[in-house]
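Single-structure report; data block below.
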Amino acid sequence: MIGNSSSWSRLEDKAFERALVVFPEETPYRWEKIASQIPGKTWIDVKKHYEDLVHDVGEIDSGRVELPNYEDELGLDSAGGWGSATESGTSQVWFGSTGKGKETTERRKGIPWTEEEHRLFLIGLQRYGKGDWRSISRNAVVSRTPTQVASHAQKYFLRINSIKKDKKRPSIHDVTTNATNHPISAHDLMDPNPFSHPDSPSAYHGFGFPM
DNA sequence: GTTGGGGATACCG
DNA sequence: CGGTATCCCCAAC
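First residue of the first sequence: 32, per the numbering used here; consecutive thereafter.
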């Protein structure tokens with residue numbers, strides 16, 4: 032078994048992430064279709080991989096944020112994340128100038144992010160680190176521009192911090208109290224990339240592509 | 001009528 | 001380009 036189904040190369044991962052976008056959640060035989068895009072993988076492999084990713088992402092979204100500034104130590108994480116907005120068809124985009132208005136420098140209405148895009152965003156966050164919107168946009172959330180990703184990130188982290196502050200309700204009693212215990216540091220979310228990083232998605236390395 | 005969420009844009013280093 | 005501030009539309013309250 033040279034081709035271990037558990038090992039996902041970067042290329043396979045790329046294909047996987049791309050397929051996630053191509054085949055949304057409602058897709059009938061989603062995993063089969065996604066697997067068909069990745070040679071050597073069965074739909075079971077794909078499903079497993081996806082669940083692994085979602086689980087990983089869920090941990091972060093729950094409160095284990097990578098901001099080194101905040102040491103979060105709450106024991107609850109059932110606050111969940113977005114899992115409550117299965118809004119379908121509520122996205123009436125476009126600005127209200129349907130027929131009457133200037134179409135020059137109008138402010139775009141804004142296309143709401145889908146959960147799929149958000150997941151990809153979080154995945155990209157882990158793989159490339161916070162701040163590298165360029166890479167995230169190119170390799171993870173292909174359907175969004177770096178600016179859009181950055182804007183989304185701004186709101187996302189703003190919200191995370193707000194929630195945390197609200198839950199925590201800082202009291203002077205908490206001061207440096209939790210600093211004593213940090214036996215767990217396994218989640219080095221801002222990791223420089225655990226798995227080898229010898230790959231070069233392309234020859235470019237930050238030059239010659241004005242988005 | 002006011003607030004706040006969510007996205008885009010403007011401004012700055 | 002990335003970070004932050006601000007604007008704008010809209011749905012709740």
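Ideal Cβ placement from N, Cα and C applies to all residues, glycine included.
Does DSSP put Val52 in a helix, a strand or coil?
DSSP places Val52 in helix when its eight states are reduced to three.
According to the neighbour-count rule (16 or more other Cβ atoms, all chains shown, within 10 Å of its Cβ), is Ala50 buried or exposed?
Buried is the call here.
Only counting the same chain, and skipping five residues up and downstream in sequence, which positions put a Cβ closer than 8 Å to that of Trp39?
For Trp39, where only same-chain residues beyond five positions count, the Cβ hits under 8 Å are Phe47 and His80.
Less than 8 Å between the beta carbons of Glu43 and Ile69, yes or no?
Result yes, Cβ atoms of Glu43 and Ile69 sit closer than 8 Å.
Can you tell me which of Trp164, Val172 and Arg169 puts its alpha carbon nearest to the alpha carbon of Gln185?
Ranking the options by Cα distance to Gln185, first place goes to Trp164.
Taking the C-alpha atoms as reference points, what is the distance between Thr176 and His204?
One C-alpha to the other measures close to 44 Å.
Return the Cβ separation of Ser174 and Glu148 in integer angstroms, given the expectation that the two are a contact with Cβ distance under 8 Å.
About 6 Å; that satisfies the 8 Å criterion.
Would Leu156 pass as a contact of Val52 if the rule is Cβ separation under 8 Å?
No, these two residues do not count as a Cβ contact at 8 Å.
For Arg61, count neighbouring C-beta atoms within 10 Å of its own C-beta (all shown protein chains included) and say buried if the count is 16 or more, exposed if not.
The residue is buried, with at least 16 neighbouring Cβ atoms inside 10 Å.
Quick one: residues in its chain with C-beta nearer than 8 Å to the C-beta of Lys78, no 5 flanking neighbours on either side, listed in chain order?
Trp62.
Around the Cβ of Asn170, are there at least 16 other Cβ atoms within 10 angstroms (buried) or fewer (exposed)?
Looking at its Cβ environment, which holds 16 or more other Cβ atoms inside 10 Å, Asn170 is buried.
Please state the DSSP three-state secondary structure of Asp163.
If DSSP states are grouped into helix, strand and coil, Asp163 belongs with coil.
Can you tell me whether Lys73 is helix, strand or coil according to DSSP?
Looking at the sequence itself, residue 73 is Thr, so the reference to Lys does not match. Thr73: coil per DSSP, three-state reduction.
Let's see if you can read the secondary structure: which residues bound the alpha helix (DSSP H) around Glu63?
Start and end: Arg61 to Ala66.
Taking buried to mean at least 16 other C-beta atoms within 10 Å of its own C-beta, is Arg190 buried or exposed?
It counts as exposed.
Just tell me which of Ala66, His86 and Glu146 has its CA closest to the CA of Tyr187.
Among Ala66, His86 and Glu146, the Cα nearest to that of Tyr187 belongs to Glu146.
Are the CB atoms of Lys45 and Phe54 within a distance shorter than 8 Å?
It is not a contact, given that the beta carbons lie outside the stated cut-off.
Is it right to say Lys140 is buried, meaning 16 or more other beta carbons lie within 10 angstroms of its own, or is it exposed?
Its Cβ having fewer than 16 others within 10 Å, Lys140 is exposed.
In chain order, what residues of the same chain lie with their CB nearer than 6 Å to the CB of Ser202, ignoring the 5 residues before and after it?
Excluding positions up to five away in sequence, the list is empty.
By the three-class DSSP mapping on this structure, what secondary structure does Lys45 have?
In this structure, Lys45 counts as helix in the three-state DSSP scheme.
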